[in-house]
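Visitor: Handing you a structure now.
Protein chains: 4
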Amino acid sequence: MTFSALDSGLTGPLFASDAMRTVFSDRARVAAMLAAETALARAEGAAGLVPKGLAPALARIKPDDLDIAALGTRTRDTGVVAIPFVKALEALLPEKLGAHLHKGATSQDIVDTALVLQIADAISLIAADLIAILDGLATLTRKHRRSPCVGRTYGQHAAPVTFGYIAGTWMSGICDAAAELPALRQRTLVASLGGPVGTLAALGEAAEAVGEDFAAELGLAVAPVAWHTNRARMVAVGSWLATLIATLARMATDIVFMSATEIGEVGEAPAEGRGGSSAMPHKRNPLSSAVILSAGAAAPGFLVTLINAAASGQQRPAGLWQAEWHALPSLFGLASGALGEARRLAESLDVDPKRMRANLDMTGGLIFADAVSTALAGRVGRNAAQAMVAKAAAEVRATGEPLREVLLRDGAPAALLEHAFDLRPASAAAASAAGRALRQAVTVKRDLRKL
Amino acid sequence: MTFSALDSGLTGPLFASDAMRTVFSDRARVAAMLAAETALARAEGAAGLVPKGLAPALARIKPDDLDIAALGTRTRDTGVVAIPFVKALEALLPEKLGAHLHKGATSQDIVDTALVLQIADAISLIAADLIAILDGLATLTRKHRRSPCVGRTYGQHAAPVTFGYIAGTWMSGICDAAAELPALRQRTLVASLGGPVGTLAALGEAAEAVGEDFAAELGLAVAPVAWHTNRARMVAVGSWLATLIATLARMATDIVFMSATEIGEVGEAPAEGRGGSSAMPHKRNPLSSAVILSAGAAAPGFLVTLINAAASGQQRPAGLWQAEWHALPSLFGLASGALGEARRLAESLDVDPKRMRANLDMTGGLIFADAVSTALAGRVGRNAAQAMVAKAAAEVRATGEPLREVLLRDGAPAALLEHAFDLRPASAAAASAAGRALRQAVTVKRDLRKL
Amino acid sequence: MTFSALDSGLTGPLFASDAMRTVFSDRARVAAMLAAETALARAEGAAGLVPKGLAPALARIKPDDLDIAALGTRTRDTGVVAIPFVKALEALLPEKLGAHLHKGATSQDIVDTALVLQIADAISLIAADLIAILDGLATLTRKHRRSPCVGRTYGQHAAPVTFGYIAGTWMSGICDAAAELPALRQRTLVASLGGPVGTLAALGEAAEAVGEDFAAELGLAVAPVAWHTNRARMVAVGSWLATLIATLARMATDIVFMSATEIGEVGEAPAEGRGGSSAMPHKRNPLSSAVILSAGAAAPGFLVTLINAAASGQQRPAGLWQAEWHALPSLFGLASGALGEARRLAESLDVDPKRMRANLDMTGGLIFADAVSTALAGRVGRNAAQAMVAKAAAEVRATGEPLREVLLRDGAPAALLEHAFDLRPASAAAASAAGRALRQAVTVKRDLRKL
Amino acid sequence: MTFSALDSGLTGPLFASDAMRTVFSDRARVAAMLAAETALARAEGAAGLVPKGLAPALARIKPDDLDIAALGTRTRDTGVVAIPFVKALEALLPEKLGAHLHKGATSQDIVDTALVLQIADAISLIAADLIAILDGLATLTRKHRRSPCVGRTYGQHAAPVTFGYIAGTWMSGICDAAAELPALRQRTLVASLGGPVGTLAALGEAAEAVGEDFAAELGLAVAPVAWHTNRARMVAVGSWLATLIATLARMATDIVFMSATEIGEVGEAPAEGRGGSSAMPHKRNPLSSAVILSAGAAAPGFLVTLINAAASGQQRPAGLWQAEWHALPSLFGLASGALGEARRLAESLDVDPKRMRANLDMTGGLIFADAVSTALAGRVGRNAAQAMVAKAAAEVRATGEPLREVLLRDGAPAALLEHAFDLRPASAAAASAAGRALRQAVTVKRDLRKL
């Protein structure tokens with residue numbers, strides 16, 4: 000059973016967490032469907048629509064009382080698992096109770112409500128990981144707030160920053176995503192109860208009250224209109240997960256680059272047997288980053304499926320709802336793996352400030368070219384300043400002579416160079432940005448803890 | 000100039016609105032970049048970093064003073080339009096002012112800030128269309144709140160609803176999307192000002208103050224940390240647009256189906272020459288729906304690009320930022336076309352309640368099978384009830400005899416059938432749901448009007 | 000273990016075939032890796048690089064001798080299953096043989112070669128399904144070659160065709176895809192053997208010979224250069240699968256529409272308990288079509304992943320190769336389910352020629368408007384003819400009077416109308432096209448049988 | 000007119016070639032449609048269905064005789080440009096000829112046939128670029144066939160290769176894509192002529208002959224059945240373009256990495272003003288690679304649209320055909336830009352073999368760890384060898400002592416080390432693979448030249 004690498008016994012442990020796997024296991028799905036039927040029975044019992052004994056009888060059934068393989072075989076004919084599921088529950092109930100089960104509901108009500116309950120559990124797992132990641136990154140940011148490091152654009156040295164600033168940009172990006180989670184959670188945790196065409200007509204005047212009780216029983220909210228074919232919430236969840244993964248992939252991209260042999264500024268923490276190679280015993284591959292990047296490459300595709308599935312017509316379309324099942328749990332799986340590895344990175348990344356400093360120094364001062372150019376511009380105009388620096392930079396590249404020497408010789412004022420070749424202003428500016436990221440993380444973590 | 004059908008002189012008018020085309024025109028882009036440079040000069044002038052005269056001098060430059068084709072030719076070499084743009088501005092300024100232009104900024108600051116200003120204009124257009132669509136759909140919902148209509152799942156008759164309910168489900172879906180717009184707008188309208196590596200180091204201690212003034216000049220907010228490589232906001236905009244389009248596509252899917260010749264329940268309003276066929280003079284194609292559906296098929300792809308572009312590394316990556324330009328404006332273009340057609344549909348859809356009623360009646364009462372089954376279940380248990388109705392339904396299909404007659408003959412109680420074959424409870428339930436959708440729309444429109 | 004609906008015990012049987020599930024099972028993967036190591040040992044043994052006894056010793060190991068869960072746990076640390084796999088094999092071999100295992104190879108060689116072996120098996124399954132589908136559709140096409148049926152565009156009646164023609168268009172589309180399969184298979188069945196950086200340097204001058212023997216042992220071809228980071232073949236496989244699924248989705252889309260209650264021209268064959276509804280005992284949902292359409296909505300996303308993964312840099316990138324695993328087997332899973340359902344449809348679709356004829360007749364002859372217009376154009380020019388027919392069509396719609404009567408009254412020549420309102424020319428043209436499709440299928444099936 | 004960055008006056012020149020822009024210009028589209036109508040008139044004239052004078056009269060009309068803006072305005076109402084186009088042509092023809100124009104055809108026939116003609120021109124442009132790229136890469140491969148260079152996996156040093164080998168892997172990947180072009184071209188260049196429902200019924204018994212003549216006039220082939228809703232060919236074209244772009248992106252990814260400041264093994268050739276930075280006068284950004292990578296990030300999304308559009312139902316669906324227009328020409332635009340930049344890279348990349356050698360030497364011999372380990376395994380078994388090398392590697396990392404010294408001290412045989420630390424076997428293996436790539440390119444270029 001392994002069309003998906005997430006579900007494989009061989010590769011699943013690499014790509015998804017055990018906890019998330021449990022949330023989306025078949026057993027958990029059955030348990031959530033059982034919870035939905037029980038809540039329905041309780042709400043309908045309270046409204047006098049079904050016997051009061053139905054809910055307690057359902058509550059006594061355990062997920063393991065149901066035969067998943069048998070449900071699967073029958074789902075092949077019905078197209079929706081809720082149909083054999085309801086029949087199986089009925090067989091476990093006293094006859095006069097069973098007849099009242101699932102009253103007024105449609106399969107999609109039970110399956111969607113169960114999914115929402117699973118999403119609630121999944122979001123809790125994610126929130127915990129996010130807090131840990133933000134904690135780890137905050138420590139890195141603080142510790143290296145003033146550790147000078149090359150800032151790079153297009154792979155090229157650009158201007159000095161600090162490593163704490165870089166870690167802070169990762170953290171701020173994750174904060175931006177995390178800050179959306181409370182609202183997303185609230186928006187998503189909505190029960191589904193509409194009956195065959197969404198109007199819950201079979202319950203007559205009790206429909207609204209039953210709908211509200213049903214949702215309340217499960218800790219969920221109520222939608223104004225049945226959302227059988229209104230899948231925007233599911234797209235929002237998927238889009239958030241894909242964005243989160245992309246945000247983690249930014250960090251992983253940087254770590255793979257910064258841990259390249261020639262750069263060596265960071266390294267994934269070694270662990271027995273981790274990141275090895277079958278052919279190269281000396282290698283230490285950035286495996287955590289690789290797992291995150293594989294999730295980053297796969298996430299957009301799953302989001303396509305969710306959007307394709309959102310253009311559902313009628314009171315239930317043929318096939319689009321089912322397409323959602325091919326994508327949403329997988330995105331949670333990918334996210335769980337990426338978060339776990341991001342946590343490991345945030346908590347244990349090896350940082351080498353000496354190497355960062357050596358890399359800053361390797362270009363004979365070209366890293367200060369922007370600062371020099373800006374300083375000179377105040378004297379001679381921007382165009383002249385840029386031309387002067389560009390010419391000097393070419394000489395540095397050709398001869399290896401330090402930029403400062405070349406510029407001095409070309410007539411740049413010594414005092415101006417003194418200031419422009421000083422790392423401290425760049426570090427101060429970077430530290431200031433890192434500080435803003437740290438303050439952002441404090442707020443975001445506080446909100447995450449409330450979830 | 001027409002790789003995109005949105006930009007073609009031949010097909011552009013079909014797929015995007017003129018107003019949105021203006022927002023994303025090259026001229027508007029240049030104007031927005033000019034506004035950004037002017038605001039920067041004003042903020043830096045206030046901080047004493049550049050001459051106070053720079054901002055007024057910039058404000059006197061008009062977009063048409065710049066040669067777009069020449070900028071384009073030079074962008075081919077620089078990779079970013081801001082570089083030739085700044086040079087061109089400098090040439091238009093007195094020499095001693097020109098040298099101070101763009102101080103401390105990087106190209107991306109100007110291009111991203113300009114984009115955000117364009118997005119603000121685009122969102123205003125969208126909000127106006129959404130209000131009009133919701134108004135139109137509210138009228139349809141109210142008018143047909145109790146007009147009986149077939150509810151369908153998988154293309155099959157399921158159970159009765161009302162057409163107002165169907166229009167209400169479209170409206171509620173659009174409301175769900177529209178309700179996110181105010182928060183999305185607020186989250187997105189953020190200035191970009193970070194300089195080459197995001198720390199704005201060249202401005203020294205004035206950096207934060209200049210950043211705040213710059214944003215305030217433009218009516219934008221400030222991000223904690225430069226968002227040069229943190230593109231989650233752009234993904235959020237794209238995801239919202241794709242979801243909005245999918246939501247409109249639900250309506251279009253229903254309209255295409257319901258206006259099929261055999262069904263004939265609705266029709267796109269005829270207009271001279273509209274929806275014709277080169278070969279078939281009698282045809283009236285649902286053209287508005289087709290435009291919406293074409294946008295629906297194309298939107299997910301553009302979102303893929305935005306997510307791919309969001310995994311940007313370093314202080315600026317090689318290529319990913321540029322990829323965004325291949326997708327975000329196009330999504331606004333698709334949305335503008337889809338919204339315009341949705342508005343036309345909402346305001347002028349032909350509805351044929353008689354045909355709806357005839358379709359309800361065409362199956363000899365099978366449309367009431369669910370109601371009968373639910374009613375019988377109370378007497379004989381769900382399984383027995385379903386079996387009885389399924390058997391009767393088969394007979395109806397085979398013989399054409401009305402379901403009610405067959406069931407009476409099979410021993411179903413007449414009073415129970417009297418009630419179950421009554422359209423009124425189904426209509427009442429549908430009208431109730433439609434009412435909830437109408438109330439939702441009132442709230443959402445009120446918030447949209449504030450944008 | 001069920002992030003993917005394909006792998007779930009509950010929903011897996013609905014969406015993928017058992018045979019395909021076996022091909023991509025963990026056990027089959029291990030077996031294929033074992034076959035790859037054995038072939039390598041045989042080729043290296045022949046070249047005198049490893050003991051001749053290694054290959055027979057490996058051949059005695061059975062997949063079940065390996066503990067999949069244990070391999071999975073260790074893959075979490077190594078990132079690639081081949082590393083713990085090789086260690087586990089070594090433990091099962093005599094010490095002096097084990098040391099020679101996997102000589103010169105890298106993990107990716109074994110994993111990719113195993114994947115290719117699984118793809119070969121998967122393609123055989125697909126070819127068999129395609130032959131059965133084409134057989135079924137050929138029967139439908141032949142049987143209904145001259146059964147008149149409405150041709151529709153945009154959901155509207157357009158002009159008459161025959162049902163055999165419609166089935167023929169499905170078949171011809173599937174033929175087009177199937178015709179690519181032999182070349183795709185040949186292009187894809189290529190062994191991977193390059194060692195750590197693709198040059199197979201460890202084998203020295205024997206490298207090319209070993210590479211050829213290795214491939215030949217497995218019935219595979221050899222690539223000019225190691226394809227560790229050249230994933231175009233995998234994209235081609237994925238693109239073909241997605242196209243195949245889209246081609247099946249065309250048929251499913253038509254069947255859902257044509258089996259809509261009001262249209263009723265076809266219906267999925269009833270089967271005990273199939274396509275039922277938990278709420279509506281009378282319903283017969285087009286479940287096969289729904290499964291195909293769900294695959295159609297999900298397939299494009301998986302292809303995105305494969306293309307994203309194809310931009311792999313270096314001699315092996317960080318994460319992109321792994322991303323492939325999230326997509327390619329799943330596409331085979333989706334295809335297997337869609338093919339199985341398409342086969343059921345092709346072999347058992349209920350067709351109702353009487354209903355087709357009734358639908359043709361329901362518009363008072365408007366279905367002939369194109370034929371009339373074309374005929375009249377020869378007399379009065381195209382514009383005048385179209386205007387005349389459009390005016391008459393409006394009258395037909397308003398009054399219900401037959402088009403022929405209206406046109407006669409408007410002065411159209413009776414003999415011309417006699418011919419234009421004759422179904423036979425349209426049927427003959429449709430039958431002729433159906434014949435071409437039948438001939439195409441004969442050729443394609445012949446080539447498929449050779450696979 | 001610039002929803003797409005490809006069409007913008009500002010950014011278009013950066014992302015797409017002028018030649019490809021001309022192929023997909025509105026004017027070229029109109030010209031191709033005119034060619035299609037002319038060919039149809041010629042074929043129908045030969046069959047005696049329309050006056051012989053129609054074709055020559057059409058041939059005298061020039062694209063510039065048509066008002067593109069006016070066609071665009073009317074397309075807004077008709078949904079397809081062919082309708083106003085035919086009316087405009089008719090107005091330019093003598094009345095008695097005009098009436099016979101477009102006989103039996105439908106809009107889609109003309110639009111699709113025109114598209115195919117544009118694709119033919121586009122493929123010619125691509126083939127020419129591919130030949131030039133392969134020429135350039137062959138020169139690089141040959142020149143550096145034996146220049147030692149680090150082979151890298153996961154960003155880490157793995158084992159030695161040569162730079163010619165690396166260039167050869169790029170070339171081989173491009174060859175694999177290019178090798179598919181002839182068959183793709185042949186498969187795609189198919190005329191469309193089916194009339195309103197694909198059966199070409201209006202032409203009666205002459206239909207097949209006219210269809211064949213029409214196609215032959217245009218140098219196109221004939222499909223067995225009208226392909227109005229069978230879009231697999233268009234998916235195949237899009238998939239090939241996306242794969243080609245991904246293949247170019249592999250090269251660009253490597254070049255960005257290898258030109259990183261710390262690595263410096265290659266550099267994009269400097270050109271006046273090229274790859275500059277508005278803030279950093281010293282920088283030389285890898286701009287060609289960035290353009291290719293931006294295309295690589297955007298291409299998968301466009302392919303999604305094509306696959307979504309391929310699931311077209313009926314004899315023409317509502318909206319899906321139009322969706323194709325949002326994607327296919329854009330993919331050609333992206334490809335043209337990526338190919339142009341790849342050509343520049345292939346023809347002018349700066350290569351620094353000294354820096355490559357220095358990077359090989361920087362790790363104290365760890366780059367030979369795989370070779371040592373393989374050699375030792377023959378003596379002490381693979382596990383022991385790997386353990387010995389891993390331990391020594393750790394010491395090298397900790398102390399900076401050369402690996403060879405450490406291993407000697409640990410008792411490794413000197414003669415064995417002598418051989419294992421020799422670059423020549425690795426270079427020879429790499430050169431051998433490069434040679435295979437060179438031979439592959441010769442064959443592929445020969446076939447491309449025939450296009």
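Note that the protein sequences, when read in sequence, are chains A, B, C and D.
Taking numbering that gives the first Met the number 0, the leading residue of the first sequence gets 0, the next gets one more, and so forth.
Taking numbering that gives the first Met the number 0, the leading residue of the second sequence gets 0, the next gets one more, and so forth.
Taking numbering that gives the first Met the number 0, the leading residue of the third sequence gets 0, the next gets one more, and so forth.
Taking numbering that gives the first Met the number 0, the leading residue of the fourth sequence gets 0, the next gets one more, and so forth.
Glycine is no exception: its CB is placed at the ideal position from the N, C-alpha and C atoms.
Would you kindly work out how many angstroms separate the C-alpha atoms of Ala452(B) and Val441(D), rounded to a whole number?
Guide: The requested residue 452(B) does not occur in the structure, where chain B is confined to residues 0 to 450.
Visitor: So, for Ala432(A): in the same chain, excluding its five sequence neighbours on each side, which residues have a beta-carbon less than 7 Å away from its beta-carbon?
Guide: Translated into positions along the first sequence, residue 432(A) becomes position 433. Hits under 7 Å: Tyr164 and Gly167.
Visitor: Can you find a CB in chain D that lies within less than 9 Å of the CB of Leu172(C)?
Guide: As a first step, residue 172(C) is located in the third sequence; it is residue number 173 there, counting from the start. Before going further, note that residue 172(C) is Gly rather than Leu in the sequence given. Closer than 9 Å to some Cβ of chain D, the Cβ of Gly172(C) qualifies, so yes.
Visitor: Could you check the C-alpha separation between Gly172(C) and Ser258(A) for me, to the nearest Å?
Guide: Residue numbering aside, residue 172(C) sits at position 173 when the third sequence is read from its first letter. Residue numbering aside, residue 258(A) sits at position 259 when the first sequence is read from its first letter. Each residue's Cα considered, the two are about 50 Å apart.
Visitor: Kindly indicate which residue of Glu400(C), Leu39(C) and Met32(C) has the alpha-carbon position closest to the one of Ala208(C).
Guide: Residue numbering aside, residue 208(C) sits at position 209 when the third sequence is read from its first letter. With distances taken between Cα atoms, Ala208(C) lies closest to Leu39(C).
Visitor: Determine which residues of the segment 298-329 of chain B have a Cβ less than 8 Å from any Cβ of chain A, and write them out in chain order.
Guide: For the segment 298-329 of chain B, which is checked against every Cβ of chain A, the residues closer than 8 Å are Ala298, Pro299, Gly300, Leu302, Val303, Ile306, Asn307, Ala309, Ala310, Ser311, Gly312, Gln313, Gln314, Arg315, Pro316 and Ala317.
Visitor: With a Cβ-Cβ cutoff of 9 Å, do Asn382(C) and Gly97(D) count as a contact?
Guide: Position 383 of the third sequence, counting from 1, holds the residue named residue 382(C). Position 98 of the fourth sequence, counting from 1, holds the residue named residue 97(D). It is a contact, given that the beta carbons lie within the stated cut-off.
Visitor: Verify the CB distance criterion: does Arg28(B) have a CB-CB separation below 9 Å to chain D?
Guide: Counting from 1 along the second sequence, the entry for residue 28(B) is found at position 29. Taking Cβ atoms only, chain D reaches closer than 9 Å to Arg28(B), which makes this a yes.
Visitor: Pull up the DSSP beta-bridge partners for Gln155(C), would you.
Guide: Within the third sequence, residue 155(C) is the residue found at index 156, counting from 1. Partner(s): Thr152(C).
Visitor: Do Glu267(B) and Ser293(B) have their C-beta atoms closer together than 9 Å?
Guide: Your numbering for residue 267(B) matches position 268 in the second sequence. Your numbering for residue 293(B) matches position 294 in the second sequence. No; because the gap between Cβ atoms is not below 9 Å, this pair is not in contact.
Visitor: Check the DSSP bridge columns for Thr161(B) and list the partner residues they point to.
Guide: Position 162 of the second sequence, counting from 1, holds the residue named residue 161(B). In the DSSP output, where bridge partners are listed per residue, Thr161(B) has Pro147(B).
Visitor: Three or more beta-carbon pairs under 8 Å between the segment 15-25 of chain B and the segment 312-331 of chain B, yes or no?
Guide: With the cut-off at 8 Å, the segment 15-25 of chain B and the segment 312-331 of chain B touch.
Visitor: Measuring only between beta-carbons, confirm whether Gln185(D) sits less than 9 Å from chain C.
Guide: Here the question's residue 185(D) lines up with position 186 in the fourth sequence. No, its Cβ sits nowhere closer than 9 Å to a Cβ of chain C.
Visitor: Suppose you measure from the CA of Met361(B) to the CA of Thr246(A); what does that come to, to the nearest Å?
Guide: As a first step, residue 361(B) must be located in the second sequence, where it is residue number 362. As a first step, residue 246(A) must be located in the first sequence, where it is residue number 247. The straight-line gap from Cα to Cα measures roughly 55 Å.
Visitor: Let me know the secondary structure DSSP gives Ala208(C) once reduced to three states.
Guide: Start at 1 with the first residue of the third sequence, and residue 208(C) comes out as number 209. Reduced to three states, the DSSP call for Ala208(C) is helix.
Visitor: Can you pull the chain B neighbours of Gly47(A), defined as C-beta to C-beta under 9 Å?
Guide: As a working mapping, residue 47(A) is identified with position 48 in the first sequence. Within 9 Å Cβ-Cβ: nothing; Gly47(A) doesn't reach chain B, min ~12 Å.
Visitor: I need the DSSP call for Ala451(D), collapsed to helix, strand or coil.
Guide: No answer is possible for residue 451(D): it lies beyond the span of chain D, which begins at 0 and ends at 450.
Visitor: Helix, strand or coil for Arg343(C) per DSSP?
Guide: Stepping through the third sequence from its first residue, residue 343(C) is reached at position 344. Helix at Arg343(C).
Visitor: Would you give the residue range spanned by the alpha helix (DSSP H) that Ala54(B) belongs to?
Guide: Translated into positions along the second sequence, residue 54(B) becomes position 55. Its alpha helix (DSSP H) spans residues Leu53 to Ala58.
Visitor: Closest Cβ-Cβ distance between Lys95(B) and chain A: below 9 Å?
Guide: For the purposes of this step, residue 95(B) is taken as residue 96 along the second sequence, with counting starting at 1. Interface residue, yes.
Visitor: Run through DSSP, which three-state label would Asp360(D) get?
Guide: Numbered from its first residue, the fourth sequence carries residue 360(D) at position 361. Asp360(D): helix per DSSP, three-state reduction.
Visitor: Could you check how far apart the C-beta atoms of Ala334(C) and Ile244(C) are, in whole angstroms? I think they sit under 8 Å.
Guide: Within the third sequence, numbered from 1, the residue matching residue 334(C) stands at position 335. Within the third sequence, numbered from 1, the residue matching residue 244(C) stands at position 245. With a Cβ gap of about 6 Å, Ala334(C) and Ile244(C) count as contacting.
Visitor: Identify, in the order they occur along the chain, each residue of the same chain with its Cβ nearer than 8 Å to the Cβ of Gly295(B), setting aside the five sequence neighbours on each side.
Guide: Position 296 of the second sequence, counted from the start, is the residue given in the question as residue 295(B). For Gly295(B), where only same-chain residues beyond five positions count, the Cβ hits under 8 Å are Ile244, Ala245, Leu247, Ala248, Ala251 and Ala337.
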